[in-house]
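Chains as they are written, first to last, in my numbering: chain A, 50 to 402; chain B, 8 to 417.
So, in structure tokens, the structure goes:
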């Protein structure tokens, strides 16, 4: 590896792609970074060369050939139609875009390494899920619509590429929900709601990945070139009730059908969006096993799930915490006691892998 | 004797209609001028009464506090409480010589106004002492710290969603009286449960509602201090509330992946291989073991090399004697069966109270699985043989226990 590498990053118009491309451009191990997207990035790209190209048409092949790209980082699989327009456009971007990009990569002899940012949405969410998904497991029900189906199809094409180009290394990163102060995602906007609707009678398990860890793992994959599929998530889990309490917000439990229908209302109010896979996720939750991330990929996230969420909380206006303050005031009148957590909590304390 | 003439008005001697508001004009007119003074005194008396009772409760609590091992810690609180009635009493005395009408109006302002703060404090202290004993202050502080952690979300769950704190403090505490007082569970062979490391507890399943699972959990926790991690059917996790509580209580889905993961993690895993065939069997077939699934639990134990601890539960069959089923309704609702017991739909919610049968739990000798070869889990014949061995052990123990049992309810 070392110097003289040219990396192509797709999806740089969005914050995550842009920030990653910028940090990668500053890396001494990388010579040149080329950012590709249909629309120009909103912010500063730094040393990144921006090429306005649509990955949905063969122009992308010319870009790859002309720039002599050896590593492609595919980050433009989007979760919500939001900025792209309708669902049709989103699917077009995700699936056809990936197909074209991979076709171009397959043709270009120079491409040696492909890194694809996928999502743990690939595992789905249902009552029949195992507690922790490992990389070999498949969703219990094949996804039929939306983002989950896109992710499944994208992964299918990536596997096809790996089969047809055995000389290229392919790293597929299934990232848990990315969260951070500046992240705009369906889940982040859900937690930014003033009052958080939840599904009555369900308390999903959530896993988060801090945005800085996302950049780090992508950079690590580009530089180390370890092939394979990896689950990427912060250590430990949070229950949704726990997350809401840490936020200090009020939650409104709604029966499942009402919860699904409030999504369309929130969508029209442009506050949040509940896609079917998001509703399933907020009902049953999901956990992924990250043993392989450590042993094979050799990556260690700096933030645990709880820490990532805490930093996200800090970026929001502080919630009420009225009950906590009242209890604290009451406790002040009593003699202080040491923390009386049961001993096994520290042992079993939410560490996996 | 003039008072006696007022009584027939029908308000027990007090002027007015007894509503606590101003006396009616009729009452005021009827009250003789001479009778007004003593009447005022009488009205003043009840106003003094709360202060008086507070003083008696205060004096009653004082010896109790000196008897307590830590009187110094709660002295300041008691001293704080003392001035409050002291201030109140002269005020009440001063108000007494004035007219009765003013006094009654004052009382009507708020129902809480008449009870001085000291009284509240005394009552609170008394309640705290009743609840937490003599060491109530640290106890209460601990409880508040717990409550605060819960409300702020500062607690940890493991990867299956198991909330150890909540389980220990709440679920176990709620189930323990049922296990000890209602079912009078007798546990035998606790020494067969390994004190550490992974192990698989395999039990018979009965009782229409999986109460036996909960009782096994609390019994194992109380006798060994370990948490049993039950494996539940996917129906459990599909149901709202039930699935959430199950996960918080330490359960996870009965699938090979989770079972092996838990066993590798050194947990004590509980499995009921009969499943719905076991709990949903009619009362006439009680204590007849059903098919033990497909032996998935054995292959999980073989792969992880953990011992299998057979558990026989006697008593759970009689809690809800299942005499009928409504298959069509069950199919409609997507549940395995709709139980009909002699009491259930008949007595409504009262029919949900389980019959107080006497329970016996016997843990058998562990069956080792670490002596088999590596590929043993892939050998279906071996898996079936071990499954049968476990099943036979439980069935035989059930028969023995049934013979030993004096009666269903004692």
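C-beta: ideal position from N, C-alpha, C; glycine also.
- Spatial neighbours of residue 317 of chain B in its own chain (CB-CB distance under 6 Å, excluding positions within 5 residues in sequence) are listed in chain order as 209, 371, 397, 400 and 401.
- Our two residues, residue 290 of chain A and residue 320 of chain A, have alpha carbons roughly 21 Å apart in a direct line.
- In this structure, the beta-carbon distance from residue 326 of chain B to residue 214 of chain B falls below 9 Å.
- Per DSSP, the unbroken alpha helix (DSSP H) holding residue 136 of chain A starts and ends at 136 to 140.
- Here the region 377 to 393 of chain B lies against the region 292 to 308 of chain B, with 3 or more beta-carbon pairs under 8 Å apart.
- For residue 135 of chain A, not one C-beta of chain B is nearer than 9 Å to its own C-beta.
- Within its own chain, the residues whose Cβ lies closer than 7 Å to the Cβ of residue 217 of chain B, once the five positions on either side in sequence are excluded, are 286, listed in chain order.
- Counting only the Cα atoms, residue 155 of chain B lies some 27 Å from residue 126 of chain B.
- For residue 166 of chain A, the three-state secondary structure derived from DSSP is strand.
- Listed along chain B, the residues sitting closer than 8 Å to residue 186 of chain A by beta-carbon distance are 264.
- Only residues of its own chain outside the window of five on either side were considered, and among them 383 have a CB closer than 6 Å to the CB of residue 389 of chain B, listed in chain order.
- A distance of 9 Å or more separates the beta carbons of residue 278 of chain B and residue 357 of chain B.
- Residue nearest to residue 147 of chain A within the set A:124, A:159 and A:194 is A:124 (criterion: CA-CA distance).
- Counting of Cβ neighbours within 10 angstroms places residue 354 of chain B among the exposed residues, the total staying below 16.
- In this structure residue 168 of chain A is not in contact with residue 329 of chain A, their Cβ atoms being roughly 14 Å apart against a cut-off of 8 Å.
- The Cβ atoms of residue 170 of chain A and residue 200 of chain A lie closer than 9 Å to each other.
- Looking only at A:58, A:267 and A:226, the smallest Cα-Cα distance to residue 240 of chain A is reached by A:226.
- Chain B has no Cβ within less than 9 Å of the Cβ of residue 361 of chain A.
- Look at residue 222 of chain A: its C-beta is not under 9 Å from any C-beta on chain B.
- For a cut-off of 8 Å, the C-beta gap from residue 283 of chain A to residue 352 of chain A is around 5 Å, short enough to register as a contact.
- In the structure shown, residue 174 of chain B adopts helical secondary structure according to DSSP, grouped into three states.
- Taken in chain order, the members of the region 172 to 204 of chain A whose beta-carbon sits within less than 8 Å of a beta-carbon on chain B are 176, 177, 178, 179, 180, 181, 183 and 186.
- Within chain B, the residues whose beta carbon sits less than 8 Å from that of residue 252 of chain A are 168, 251, 254 and 255, listed in sequence order.
- Closest in alpha carbon position to residue 106 of chain A, among A:150, A:182 and A:311, is A:150.
- Of the residues assessed, residue 93 of chain A falls on the exposed side of the cut-off, its CB having fewer than 16 other CB atoms within 10 angstroms.
- With fewer than 16 other Cβ atoms from the protein chains shown falling within 10 Å of its own Cβ, residue 96 of chain A counts as exposed.
- The beta carbon of residue 364 of chain B lies closer than 7 Å to those of 190, 322, 325, 326, 415 and 416 in the same chain, with the five residues before and after it left out.
- The Cβ neighbour count for residue 364 of chain A, taken over all protein chains shown within 10 Å, is under 16; the residue is labelled exposed.
- In the DSSP assignment, the residues bridged to residue 237 of chain B are B:277.
- Rounded to the nearest angstrom, the gap between the Cα atoms of residue 343 of chain A and residue 304 of chain A is 39 Å.
- By the Cβ-count criterion, residue 159 of chain A is exposed, with fewer than 16 other Cβ atoms from all chains shown falling within 10 Å of its own Cβ.
- Annotation note: the region 253 to 314 of chain B contains the following uninterrupted alpha helix (DSSP H) runs of length 4 or greater, listed N- to C-terminal: 263 to 271, 283 to 286 and 303 to 311.
- Across the structure, residue 241 of chain B and residue 261 of chain B are spaced so that their CA atoms are roughly 7 Å apart.
- Distance from the Cα of residue 289 of chain B is smallest, within the candidate group B:331, B:313 and B:275, for B:331.
- Beta-carbon to beta-carbon, residue 235 of chain B and residue 223 of chain B are separated by about 6 Å, close enough to satisfy the 8 Å threshold.
- When secondary structure is reduced to three states using DSSP, residue 207 of chain A falls in the helix class.
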